[in-house]
Amino acid sequence: MRVALFITCLADQFFAEAGVAAVRLLRALGVEVDFPEGQTCCGQPAFNAGYWEGARPLARRTLEVFREADYVVLPSGSCASMVKNHYPELLPGSQKALDLAERTYELSAFLVGVLGVEKLGEGLKGKRIAYHHGCHALRELGVREEPLLLLKGAGAELVPWEAAEECCGFGGLFSVKLPEVSLAMADRKVATLPQAEVLTSTDAGCLLHLAGRLSKKGVGLKVAPLATLLWEAYAG
Amino acid sequence: MRAKAKLYPKEAARLLREKPGVREAVTGATLHFDRNRLKAYAEVPIAEWRERAKAVKDHALSHLDQYLELAEKRLKENGVQVHYAEEPEDAHRLLREIVERRGVKRAVKAKSMLTEELGVNPLLASLGVEVYETDLGEYLIQLLGEPPSHIVGPAIHLSLKEIQTLFHERFGTPLDASPEALAQVARKVLREAFLTAELGISGANFLVAETGTLALMENEGNIRLSTSLPKVHVAFVGIEKLLPRFQDLALFLPLTARAATGQRLSTFVSLIQGPARKGEEGPEEVHVVLVDHGRTALLADPEAWETLRCLRCGACLNACPVYRQTGGHPYGYVYSGPIGAVLDPGLLSLEEAYPLPYASTLCGACLEACPVKIPIPKLLLTWRHRAVAEGLSPAWERAMLAAYRRVMESPALYRLFSKALRGLPLPQDLLPLLRAWTEGRGPLKPSPKPFHQLWREMEEGHGR
C-alpha cells in the first residue's frame, strides 16, 4: 500500500516533527510512504476567505501532485476536509476532485479506518492528555473517536475537558481579522482546561493559536501535534 | 431599524474591552440553553424531525405564492383583515391609520423581531403612542433603550446586578432585590398596561395556510394577554412563516421549543383564529400584515434562499462560540449570530452587512444545532465569495491573498518563502497582520527546519 503524505503548509513550517513522526509511524506499520515534493498548500485559506478564484489553481495543482497515490494522508483534519469536502464544491464536475476526495484521510482516521489499527503500543502509559477536537475534523469529517481510541489504547489518560469540542477561535484569517474575538475564544478553552501534561489536536492551526495563547498567559502546558503523540504511542 | 453591521469588528473588540461582563453573561446563558437543547434533542428521533421540518419548509417556500393566497382567503373567512407590507413604510401607514381611527394612546407589544426590522416602536412613539414591551427581557431592554441581543433572550447580555440597578433607579426597589421581587414590579406595571392598552401588537411563529391560524409560542403569558385584551390586535408575519397544514404544527411547535430552550413545548401556545365572535371576549379587530422586506428577493436567490427556512429559535446563536463572546449587539442589526451573518446580507445588502459573514470560524456548530438544517457554513462561504467578487474586501487582504497564491502556486517560491521565514528577521511589529497575531499570542516560531527539508535528510539517510 502506497501512501502519499500531504504535510500541509502549516505543519511543514511550524510542526515539522509531526511529519517525521507520521512517516515513521506509517512505515513502522508496513506502509510505503512517499512525499511528493511539488506540494504546497491545499488552498483553504483562500477558499474560506472567499477567494475561490485564488483557491482553484491550488486545488488543481494538488490534484496533480497526488494523482498517483493510493491514499493521501494528512496530519490535519481541516486540510483533509478541504480536499474531501470542498474540492468537489470548488471544482464542480471534476472527476479528479471526487477521486482524490475518496482517497484522502486525516491521519488517525486512516490508521483506524483503513489500516484497522486500534492499538499502537504502550508508549503513552499514564500520560495525561487534553485533546482538542478541531472543528473540521469533528464536524466536517466526523472524526471524533479515532484519535481518542488510539491515545487511550496506548495507555494515555484523556482528561475530561468541558470545552473539548468547542472551537478554539483560530479560524484561519479569522484569527487576524477579528483578533479580539479569536483570543476571547482561546481564553475560554484555556480557562476550562484541566490539569494535563500535554495538549494535542489533529490541527496545526488550532495548536499554533492555542500554544501562543497559553505562553502569552504564562501557562506552561506542553503542546504537541497528534502525529507526534501517536508515534510516541508506538515507539514509547 | 438602521443597520450598523459595518462596525462589527470594531464594536466586538470594544465590547470585549469595555464590558467584559457581557461575555460572561452571554456565555453562561447560551451554554445553558445549548445543553438543554442537546438533552431535548436526544429525547426524540431528532434526525427524522429535522429532515421532515426541512422538507415541509422547503415545500412551503417553493409554493409560497399558492400558500399566501390560501392563507389570505382563510384569514378573511375568519374575519381577519389582511394586509401586505413590502417595505416598513407600508406597515407604518397601516399602523398610523389604526392609531388615528381607534384613538390609540397605549399599545402593548409581544416580543417580535420582525417589528424591530420594521421600526414599529419608533413609529408609534412618533405618533404619541405609549408602547410597552411586555416580554420581561424585552421590557428590560426597552427601559435601557437597547436593541435585543438575542432572538429568544433579548436581555441575555445583562447581569442580575445591572437589572437590580436599573429597577432601583426606575422604581426605587432595593439594590439587592431578588429576581422574583423584580419580576413582581414589572408585572404590576405591565398588568396595568395590558388592561388599558387599545392596541396589541405581535409577531407570529407560524401562520397555517389551510386554516388561517396564527401560532404564537411563549413562556410568560404576555403574548396571550397582548393578543386578547386590547380591542385591536395587529400581527406582523414574515411571508416565510407560512406552514401548509394545521397538522404541521404538531411537528413545528415541539421542534421549535426543543431547539430554542430545550423545552418539550413552550409554556403557552396561542392559536389565533380571528377576532372575537358574538358573545366571546377578545379583540374586535384582528389584522395580519404579511411582510416582505427583502424576503421575495432572497427567495429568488438560488444560492441563499435556504436561510428563509429559519424558525427564529436562536439555537445557532446558543451554539456559536463567536456569538458567545459578545452577544448580539456588535452585529449591528436585528438578527445576530450565525443566522444573522447569513440572513442580514440577504435582507439588507451585502455591502451594508459586509463584515458579518466573516464573524465565524466555520466551526459548524450552528449547522448541528439548526432544527431545519440551514447550511449556515456553506452560506457563509457563499456570501464571502460574493463579497470578494464585489470588491468589498479590504486592500490589505486582497494583497495578502494575491501574494499567498503566488507563493503557493510555485514550489520553488514556497521553498524560498520557507527560507525567508527562518533566515530573515520577521518584521513582527511592522506588518499589521503579523501584529494582530503576535499581540495576543507571542511571536511566531517556525520549526528549526521545515518538514520538506527533514524529509530530504531522512531519505538521504534512508538510501545509504
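Residue numbers (our numbering), protein chains in the order written: chain A, -19 to 216; chain B, 18 to 481.
Where a beta carbon is used, it is the ideal one built from N, C-alpha and C, also for glycine.
For clarity, every value in this text was computed on a predicted model and none was experimentally measured.
1. Is the CB of E147 (chain B) under 7 Å away from at least one CB in chain A?
2. Check the Cβ-Cβ distances between G480 (chain B) and every residue of chain A, and say whether any is below 7 Å.
3. I'd like to know if the segment 278 to 293 of chain B and the segment 226 to 239 of chain B are in contact, where contact means that at least 3 CB-CB pairs between them fall below 8 Å.
4. Could you name the residues of chain B that F(-14) (chain A) contacts, counting a contact when the two beta carbons are closer than 9 Å?
5. In the structure shown, what three-state DSSP assignment does E177 (chain A) receive?
6. Relative to the alpha-carbon of L111 (chain B), which residue among B:Y371, B:S353, B:L307 and B:R458 has its alpha-carbon at the smallest distance?
7. Report the residue from A:Q19, A:L131 and A:R36 whose alpha carbon sits nearest the alpha carbon of K105 (chain A).
8. Rank B:L246, B:E150 and B:I168 by C-alpha distance to the C-alpha of L161 (chain B) and give the top, closest one.
9. Could you check whether the Cβ of G34 (chain A) sits closer than 7 Å to any Cβ belonging to chain B?
10. Bridge partners for M234 (chain B) per DSSP, in chain order?
11. Beta-carbon separation of V424 (chain B) and L430 (chain B) under 7 Å?
12. Can you check DSSP and say which residues form a bridge with R(-18) (chain A)?
13. Closest by CA to V94 (chain A), which one among A:H112, A:H66 and A:L9?
14. Compare the Cα-Cα distances from S88 (chain A) to each of A:L(-10), A:H189, A:G200 and A:A(-2) and report the closest residue.
15. Which residue spans inside the segment 26 to 86 of chain B form an unbroken alpha helix (DSSP H) run of at least 4?
16. For G217 (chain B), which beta-bridge partners are listed by DSSP?
17. Work out the CA separation of E133 (chain B) and R113 (chain B) for me, nearest whole Å.
18. According to DSSP, simplified to helix, strand and coil, what is V169 (chain B)?
19. Taking L259 (chain B) as the reference, give the member of B:A88, B:E28 and B:K71 with the closest Cα.
20. Please compile the residues from chain E whose C-beta is within a distance smaller than 8 Å of the C-beta of W454 (chain B).
21. How about M234 (chain B): is its C-beta nearer than 7 Å to some C-beta of chain A?
22. Would S195 (chain A) count as contacting chain B if we go by Cβ distances under 7 Å?
23. In whole angstroms, what is the alpha-carbon distance linking E35 (chain B) and D51 (chain B)?
24. May I ask you to report which of helix, strand or coil DSSP gives P205 (chain A)?
25. Quick check on T84 (chain A): does DSSP put it in helix, strand or coil?
26. Check each candidate in B:E227, B:V359 and B:V351 and name the one with the smallest Cα separation from P261 (chain B).
27. Can you list, in chain order, the residues of its chain with a C-beta nearer than 7 Å to that of L128 (chain A)? Leave out the 5 residues immediately preceding and following it.
28. At the 7 Å Cβ level, is P127 (chain A) part of the contact set with chain B, yes or no?
29. At a Cβ threshold of 7 Å, is Y348 (chain B) touching chain A?
30. Which ranges would you report for the beta strand (DSSP E) in the segment 16 to 57 of chain A if only whole runs of at least 3 residues count?
31. Count the other CB atoms within 10 Å of the CB of G200 (chain A); is the residue buried (16 or more) or exposed (fewer)?
32. Residue range of the alpha helix (DSSP H) that A194 (chain B) falls in?
33. Run through DSSP, which three-state label would G216 (chain A) get?
34. To which residues of the same chain is D14 (chain A) closer than 8 Å at the C-beta, ignoring the five residues directly before and after it?
35. Taking 6 Å as the line, does the beta carbon of E103 (chain B) fall inside it for any heavy atom of the ligand FAD?
36. What are the boundary residues of the beta strand (DSSP E) that L224 (chain B) is part of?
Taking the geometry as given:
1. no
2. Confidence at G480 (chain B) is low in this model, with a pLDDT of 48, below 50, so its placement is unreliable and the value that follows should be read with caution. It does not; no Cβ of chain A falls within 7 Å.
3. yes
4. Within 9 Å Cβ-Cβ: nothing; F(-14) (chain A) doesn't reach chain B, min ~11 Å.
5. coil
6. B:L307
7. A:L131
8. B:E150
9. yes
10. B:V286
11. yes
12. A:E12
13. A:L9
14. A:A(-2)
15. 37 to 59 and 63 to 79
16. B:V125 and B:H250
17. 17 Å
18. coil
19. B:A88
20. Here the protein chains are A and B, and chain E is not one of them.
21. no
22. yes
23. 26 Å
24. strand
25. strand
26. B:E227
27. Y111 and L138
28. no
29. no
30. 51 to 54
31. exposed
32. No alpha helix (DSSP H) contains A194 (chain B), which DSSP labels as neither H nor E.
33. coil
34. R(-18), V(-17), A(-16), L(-15) and A49
35. Among the ligands in the structure shown, none appear at all, so the ligand FAD cannot be discussed.
36. F223 to V225
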